[in-house]
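*Asks:* Please read through the structure below; I'll follow up with questions.
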Amino acid sequence: MKSLAIRNLSKTYFDAYAGAHVDAVRDVSLEVPEGEFVSIVGPSGCGKTTILNMVAGFIAPSSGEILVGDHAVAGPGPDRGVVFQSFALFPWKTVLENVAFGPKMRGVGKPERERIAREFLSLAGLSHAAERYPNELSGGMQQRVGVARALANEPDVLLMDEPFASVDAQTRMTLQEELTRIWQERRSTVLFITHDVPEAVFLANRVVVLSKGRVLEEVDIPLPRPRRWDALVESDDFKALANQVLQLVRSA
Amino acid sequence: MGWTGRILAGAKFLAPLAVLLVLWPILIRAFNVNPQIFPDITAVARAGLESIRDGSLFAHMGASLARVAVGTVLAILVAVPLGVLMGVSPGVSAFLTPLLRFFSVLAGIAWIPIATLWFGYGFGAITFVIFNAVFFIVAYNTLLGVSTIPMQVRNAAASLGAGRWTMLAEVLLPGALPNIVTGVRTGLGFAWRGLIAAEIIATNIGLGYMIFVARDFYRTEVIVFGMIVIGALWLLIDRLLLAPVERATIERWGMVRSA
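Going down the list, the protein sequences come from chains A and B. Going by the numbering used here, the first sequence opens with residue 128, and the numbers climb by one from there. Going by the numbering used here, the second sequence opens with residue 780, and the numbers climb by one from there.
Here is the structure:
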């Protein structure tokens, strides 16, 4: 586990359709200390996914610096695990093989990597589905595999790009509760991208509101853990924080 | 599909053929057809048994199948790496796609004249025709397969530590496999048709040659027997070998759900 530091990060695209340069991310600086859960929230087009893609190393920044621990990011790497909105599982591999993929890339032998994979499948409540293929699972179960696959590689930082946006509302709440439970068990450093304000507040220690490529404001979320929806929906603290963040997002 | 379903499907497929076999001798006798125009079923059966007994059927069949096998394997060996290479480089693939599409619709037998100039009559020219029929379609399908692997899946592999070669072996090839298999099946279908045409023109052994040379002796029963072998052999290869492999990969990969 390590900290994540984003310093003066900018990204300018050339938009061929508009025929102009677009500043997707403008001079964003952000610290995620070791073991902290930070949500970035903002409307579509605010640059939140672009930031995550740069941190993951999928696209190069126009300027600025990204540090994992004291190591500068240059391209994708196993120090940063990614959970995708589209799940991005390998459809030709079983659930077990999907989760064992990271350890396999590290050169871990088959019995050991299967042991690791089963451990993380059990953490994600998926032990019964190990031998199945992703297309045989519901969206919620597929994303559990996505989370287990990222965690099984023991990344320094976990990056989550609207991971629960494409599952139904009931499943989403369950997955959010499971994620807070897993986070408490493992104290991962997490950067979580979402456009869903209650989700951002529910999960995070700190919510960063993004607007037009800039950091508008950071809001600390000192809600006690473990967090559960049935308790929090009644909580005035939760409502006040969610309302505060919502006002910021709407002013964005 | 269970065993009963399979048997039922097989029966449905064979029923019209059985009707044809029954009608055949009746019609031949009813219209008193000259055997030099069209043979009776008994003559065809006799010609078939004769060609099995003297071994000529297996010699022709072996020659044809060997050409198909060699041409196809060579084509896959070259086309798949080329298709993957194109698939990972958008510039190269955009440039080469129109060429591949052009050559993959160009009939295999259109290569015969130039193939016989380059390789002479026989194994080389015909294998070259097969190679072309399979190569362009498989290269194009591999390219298509690689480029349809979602970017996020490749990103996922990279962020889990996959390097250049593991990306190839673990993601690009398996991800493109359903398309590759479809390409091989389609290409082989064209190759088989092209093979018969090429053997009529450019060799002295093979199923195409067998039916063409029989024409010189008005041996319609040999021609018809050869046609039956050519069609049945392809159906067997396609239904028992290629289709199940294609179905298995596509279903396994979950790209088409029990279509």
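From the three backbone atoms N, C-alpha and C, an ideal C-beta is built for every residue, glycine too.
(1) List the residues of chain A whose Cβ lies closer than 7 Å to the Cβ of glycine 862/B, in chain order.
(2) Mapping DSSP to helix, strand and coil, what is phenylalanine 217/A?
(3) Determine whether the beta carbon atoms of glycine 191/A and serine 265/A lie at a separation below 7 Å.
(4) Closer than 6 Å by C-beta to arginine 341/A: which residues in its own chain qualify, once you throw out the five before and the five after it? Chain order, please.
(5) When you compare only the Cα positions, how much space is there between glycine 236/A and leucine 248/A?
(6) Is methionine 250/A buried or exposed, if buried means 16 or more other CB atoms sit within 10 Å of its CB?
(7) Applying the 10 Å Cβ sphere with the 16-neighbour rule, what's the burial state of histidine 839/B?
(8) Would you kindly report the start and end of the unbroken alpha helix (DSSP H) that includes alanine 937/B?
(9) Using 7 Å as the threshold, is the C-beta distance between threonine 961/B and valine 913/B below it?
(10) Which chain A residues sit within Cβ distance under 8 Å of proline 929/B?
(11) Evaluate contact between the region 156 to 168 of chain A and the region 314 to 327 of chain A, counting only Cβ atoms and requiring at least three cross-stretch pairs below 8 Å.
(12) From this set, Ala993/B, Glu1030/B and Glu829/B, which residue's C-alpha is nearest glycine 954/B's C-alpha?
(13) For leucine 864/B, which option in Ile1002/B, Gly924/B, Trp803/B and Ala993/B has the closest C-alpha, if you only look at C-alpha atoms?
(14) Find the residues of chain B that neighbour alanine 232/A, judging by a C-beta separation of less than 7 Å, and give them in chain order.
(15) Note down the Cα distance separating serine 1037/B from threonine 927/B, rounded to an integer number of angstroms.
(16) Determine whether the Cβ of glycine 266/A lies closer than 7 Å to any Cβ atom of chain B.
(17) In whole angstroms, what separates the C-alpha of proline 325/A from that of glutamate 949/B?
(18) Check each residue of the region 177 to 198 of chain A: if its Cβ is closer than 8 Å to any Cβ of chain B, include it; give the result in chain order.
(19) Just the chain B side, please: which residues come within less than 9 Å of tryptophan 310/A by C-beta, in chain order?
(20) For the alpha helix (DSSP H) holding valine 917/B, just list the boundary residues, first then last.
(21) Could you name each continuous alpha helix (DSSP H) segment of 4 residues or more that falls completely within the region 829 to 897 of chain B, going from the start of the chain to the end?
(22) Out of Ser189/A, Pro353/A and Gly229/A, point me to the one whose CA is closest to leucine 330/A's CA.
(23) For glutamine 297/A, count neighbouring Cβ atoms within 10 angstroms of its own Cβ and tell me buried if that reaches 16, exposed if not.
(24) Within this structure, are the beta carbons of proline 188/A and methionine 181/A separated by less than 7 Å?
(25) What runs of the beta strand (DSSP E), each 3 residues or longer, lie entirely inside the region 282 to 312 of chain A?
(26) Buried or exposed for arginine 998/B, going by 16 or more other Cβ atoms inside 10 Å?
(27) Could you spell out the range, first to last residue, of the alpha helix (DSSP H) harbouring tyrosine 988/B?
(28) Name the chain B residues whose beta carbon is nearer than 7 Å to that of arginine 207/A?
(29) With a Cβ-Cβ cutoff of 7 Å, do phenylalanine 907/B and phenylalanine 898/B count as a contact?
(30) Note down, in chain order, every chain A residue with its Cβ under 7 Å from the Cβ of valine 1024/B.
(31) Please list the terminal residues of the continuous alpha helix (DSSP H) segment that includes glutamate 239/A.
(32) Reducing DSSP to helix, strand and coil, say where glycine 366/A ends up.
(33) Going by DSSP, what residue range makes up the beta strand (DSSP E) through alanine 941/B?
(34) Shorter than 7 Å from the beta carbon of phenylalanine 141/A to some beta carbon of chain B?
(35) Which same chain residues end up closer than 7 Å to phenylalanine 902/B when comparing Cβ atoms and leaving out the 5 residues on each side of it in sequence?
(36) Taking the CB atoms as reference points, tell me whether phenylalanine 935/B and methionine 946/B lie closer together than 7 Å.
*Replies:* Quick look at the numbers:
(1) By 1-based counting over the second sequence, the position of residue 862/B is 83. In chain order: nothing, as chain A lies at least about 17 Å away.
(2) Your numbering for residue 217/A matches position 90 in the first sequence. Reduced to three states, the DSSP call for phenylalanine 217/A is coil.
(3) In the first sequence, residue 191/A corresponds to position 64, counting from 1. In the first sequence, residue 265/A corresponds to position 138, counting from 1. The answer is no: Cβ separation not under 7 Å.
(4) Within the first sequence, residue 341/A is the residue found at index 214, counting from 1. If we look at arginine 341/A and ignore the five residues flanking it on each side, its Cβ neighbours are Arg153.
(5) Within the first sequence, numbered from 1, the residue matching residue 236/A stands at position 109. Within the first sequence, numbered from 1, the residue matching residue 248/A stands at position 121. Cα to Cα, glycine 236/A sits roughly 18 Å from leucine 248/A.
(6) The residue labelled residue 250/A in the question sits at position 123 within the first sequence. Here the sequence assigns leucine to residue 250/A, which means methionine is not the residue at that position. With 16 or more Cβ atoms within 10 Å of its Cβ, leucine 250/A is classed as buried.
(7) Position 60 of the second sequence holds residue 839/B. With 16 or more Cβ atoms within 10 Å of its Cβ, histidine 839/B is classed as buried.
(8) One-based indexing of the second sequence puts residue 937/B at position 158. Taken as a continuous stretch (DSSP letters only), the alpha helix (DSSP H) holding alanine 937/B covers 930 to 938.
(9) In the second sequence, the residue the question calls residue 961/B occupies position 182. In the second sequence, the residue the question calls residue 913/B occupies position 134. Against a cut-off of 7 Å, the Cβ pair of valine 913/B and threonine 961/B comes out as no contact.
(10) Taking the second sequence and counting its residues from 1, one reaches residue 929/B at position 150. Residues of chain A passing the Cβ test: Ser213 and Ala215.
(11) yes
(12) One-based indexing of the second sequence puts residue 954/B at position 175. Out of Ala993/B, Glu1030/B and Glu829/B, Glu1030/B has the C-alpha closest to the C-alpha of glycine 954/B.
(13) If you number the second sequence from 1, residue 864/B lands on position 85. Considering only alpha carbons, the answer is Gly924/B.
(14) Stepping through the first sequence from its first residue, residue 232/A is reached at position 105. For the sequence presented, residue 232/A should be read as methionine rather than alanine. Within chain B, the residues near methionine 232/A are Leu939, Gly940, Ala941 and Thr945.
(15) Stepping through the second sequence from its first residue, residue 1037/B is reached at position 258. Stepping through the second sequence from its first residue, residue 927/B is reached at position 148. Residue placement at serine 1037/B is flagged as unreliable, the pLDDT there being 36, under the threshold of 50; the coordinate-derived value follows with that caveat. Whole-angstrom Cα-Cα distance: 20 Å.
(16) Residue 266/A sits at position 139 when you count from the first residue of the first sequence. Judged by the 7 Å Cβ criterion, glycine 266/A is not in contact with chain B.
(17) Your numbering for residue 325/A matches position 198 in the first sequence. Your numbering for residue 949/B matches position 170 in the second sequence. Straight-line Cα distance between these residues: approximately 38 Å.
(18) Ala183, Gly184 and Phe185
(19) Numbered from 1 along the first sequence, position 183 holds the residue referred to as residue 310/A. Chain B residues near tryptophan 310/A: none, gap ~19 Å exceeds 9 Å.
(20) Here the question's residue 917/B lines up with position 138 in the second sequence. 902 to 926 is the span of the alpha helix (DSSP H), which, as asked, contains valine 917/B.
(21) 835 to 867 and 869 to 884
(22) Along the first sequence, one-based indexing puts residue 330/A at 203. Ranking the options by Cα distance to leucine 330/A, first place goes to Pro353/A.
(23) Looking up residue 297/A in the first sequence gives position 170. By the neighbour-count rule (16 or more Cβ atoms within 10 Å), glutamine 297/A is not buried but exposed.
(24) In the first sequence, residue 188/A corresponds to position 61, counting from 1. In the first sequence, residue 181/A corresponds to position 54, counting from 1. Their beta carbons are under 7 Å apart, which means proline 188/A touches methionine 181/A by this criterion.
(25) 284 to 288
(26) As a working mapping, residue 998/B is identified with position 219 in the second sequence. So arginine 998/B counts as buried.
(27) Counting from one through the second sequence, the residue named residue 988/B turns up at place 209. Here the alpha helix (DSSP H) through tyrosine 988/B covers 986 to 994.
(28) One-based indexing of the first sequence puts residue 207/A at position 80. Per Cβ cutoff of 7 Å: Ser938.
(29) Working through the second sequence from its first residue, we reach residue 907/B at position 128. Working through the second sequence from its first residue, we reach residue 898/B at position 119. Yes. Within cutoff.
(30) The residue given as residue 1024/B occupies position 245 in the second sequence. Those do not exist, as valine 1024/B stays about 14 Å from chain A at its closest Cβ, beyond 7 Å.
(31) Taking the first sequence and counting its residues from 1, the one referred to as residue 239/A is at position 112. Residues 237 to 250.
(32) Counting from one through the first sequence, the residue named residue 366/A turns up at place 239. First, the residue type needs correcting, since residue 366/A is lysine and not glycine in the sequence shown. Of the three classes helix, strand and coil, the one that applies to lysine 366/A here is helix, per DSSP.
(33) Sequence index remark: in the second sequence, residue 941/B carries index 162 (1-based). Looking at the DSSP string, alanine 941/B is not in any beta strand (DSSP E), and its letter there is neither H nor E.
(34) Residue 141/A sits at position 14 when you count from the first residue of the first sequence. Closer than 7 Å: no.
(35) The sequence position of residue 902/B within the second sequence is 123, counting from 1. Excluding sequence neighbours, phenylalanine 902/B sits near Arg846.
(36) Within the second sequence, the letter at position 156 stands for residue 935/B. Within the second sequence, the letter at position 167 stands for residue 946/B. The question names phenylalanine, but residue 935/B is alanine in the sequence shown. Not closer than 7 Å, so no.
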